[in-house]
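Take a look at the structure set out below.
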Amino acid sequence: MSLLEVEDLSVVFSRRGRRDVRAVDGVSFSVDAGQTLGVVGESGSGKSVTSLAIMGLLPRRGAAVGGEVTFGGRKLLGMRRDELRDLRGKELAMIFQDPLSALNPVVPIGRQVTEVLTRHRGMTGTDARREAARLLDLVGIPDPDRRLREYPHQLSGGMRQRALIAMAVACQPKLLIADEPTTALDVTIQAQILELLKELVRQEGTALVLITHDLGVVAGLCDRVNVMYSGRIVEAADRRTLFVDPRHPYTTGLLGSIPRLDSAEGAPLLPIPGSPTDTLPWSSACAFAPRCARSLEVCTTVTPDLEPDGRRALRCHNPVPAEEAAAVGAEGRRE
């Protein structure tokens, strides 16, 4: 059995007087101990909502969560709040996308980091502060003893992000969900954080779910990749298969829109046309059809299933031919 198993997960947001929004629609995947799973897609594709549903952090009112999430043989959906609190921070941890809203603005950084150590590792007093300073130093925060006394608004965006990462890795969790963990960091610190996450996976056998827009990070860190669009997985494959031979038009569009150093001077980028809001309902069509250059009539009238296709799973009526996919994959490898 995998460490984390997600089966037919769905999340529907409801507001009085407005149409329901199905943010996640039948997502299934699994993650083994010591494995890194990348989840990629544009903003609004359901990546962060999926992670919040797994962690049990969605509001109880206005958000209907369905399906099944199993972690280490335990069912997370429907678990009592006190049981979830015992798991979160110790065995389950998450690095949030926006550190300014994730950190408490009126509590010093030191207290927020030591709270994790006190709650889950039984450390108190000087020992907790010493370990908190070590964690801040580990993620590249200079003068950690002084930073422990400061409030979130006194830290730069990058430092706040690193403080969140320190809190998340403090207990060497079995599962770590990282939602755009390097967005606010400069290149050198980004490399340091990614190496820290690699080391956590390698030494502790931590399962890592990495949510990101950066396909370069995915190529260097992930074992498997799920590509999401409008709440559903449209392509899932191991890293090499996805980058060498992408078959879904959305995947090839993401790879084709990456700037490359070997492009001719003045060569335009090839973005995916339209926006993520240009969709059709999955219940009766392919949501990507309005933006897809390979769209057929069947794409607007029949829902494609996620079906096995060799070493991948693919949700598409008219996938990219192997020779075209190989050309995109070759450019992605040069990148």
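Using our numbering, the first residue of the sequence shown is number 201, and each one after it goes up by one. Here a beta-carbon is modelled for each residue, glycine too, at the ideal position from N, C-alpha and C. Predicted model only: the values in this text are computed from it and were never measured.
- In the DSSP assignment, PRO508 falls within the unbroken beta strand (DSSP E) covering 507–509.
- Three or more Cβ pairs closer than 8 angstroms define a contact, and the region 408–427 meets that threshold against the region 230–239.
- Shortest Cα-Cα distance from ALA485 to any of LEU496, ALA464, SER475 involves LEU496.
- In this structure, the CA atom of ALA332 is about 15 angstroms from the CA atom of TYR351.
- Cβ-Cβ distances below 6 angstroms link GLY246 to ALA223, VAL224, MET428, GLY431 in the same chain, with the five nearest sequence neighbours on each side left out; the list follows chain order.
- Taking a 10 Å sphere around the C-beta of LYS374, we find 16 or more other C-beta atoms and assign the residue as buried.
- The beta carbon of ARG360 sits closer than 8 angstroms to those of PRO299, LEU300, LEU303, PRO352, ALA384, all from its chain and outside the five residues before and after it, given in chain order.
- For ARG319, the three-state secondary structure derived from DSSP is helix.
- Secondary structure within the region 359–408: the beta strand (DSSP E) runs of 3 or more consecutive residues, fully enclosed, are 375–379 (chain order).
- Its Cα nearest to that of GLY217, the residue GLY262 stands out among GLY262, LEU442, ILE254, LEU292.
- For ILE254, the enclosing alpha helix (DSSP H) has its first and last residue at 247–255.
- With a 10 Å radius around the Cβ and a threshold of 16 neighbouring Cβ atoms, GLU207 comes out exposed.
- ALA368 counts as buried, since at least 16 other C-beta atoms from the protein chains shown sit within 10 angstroms of its C-beta.
- Judged by beta-carbon spacing, VAL520 lies within the 8 angstroms limit of PRO446, meaning their Cβ atoms are closer than that value.
- Taking C-beta separations shorter than 7 angstroms and ignoring five residues to either side along the sequence, GLN354 has no partners in its chain.
- Of the candidates ARG219, LEU415, GLY256, the residue whose Cα lies closest to the Cα of GLY456 is LEU415.
- For SER210, the enclosing beta strand (DSSP E) stretches over residues 204–213.
- The alpha-carbon of GLU507 is positioned some 16 angstroms away from that of THR441.
- If you check the CB distance, GLU435 and HIS448 come in under 8 angstroms.
- ILE309 is positioned such that its CB atom lies no closer than 8 angstroms to that of LEU252.
- DSSP lists no beta-bridge partner residue for ALA302.
- According to DSSP, TYR429 shares a beta bridge with ARG432.
- Take the alpha-carbon of ASP337 and the one of MET294: they are about 19 angstroms apart.
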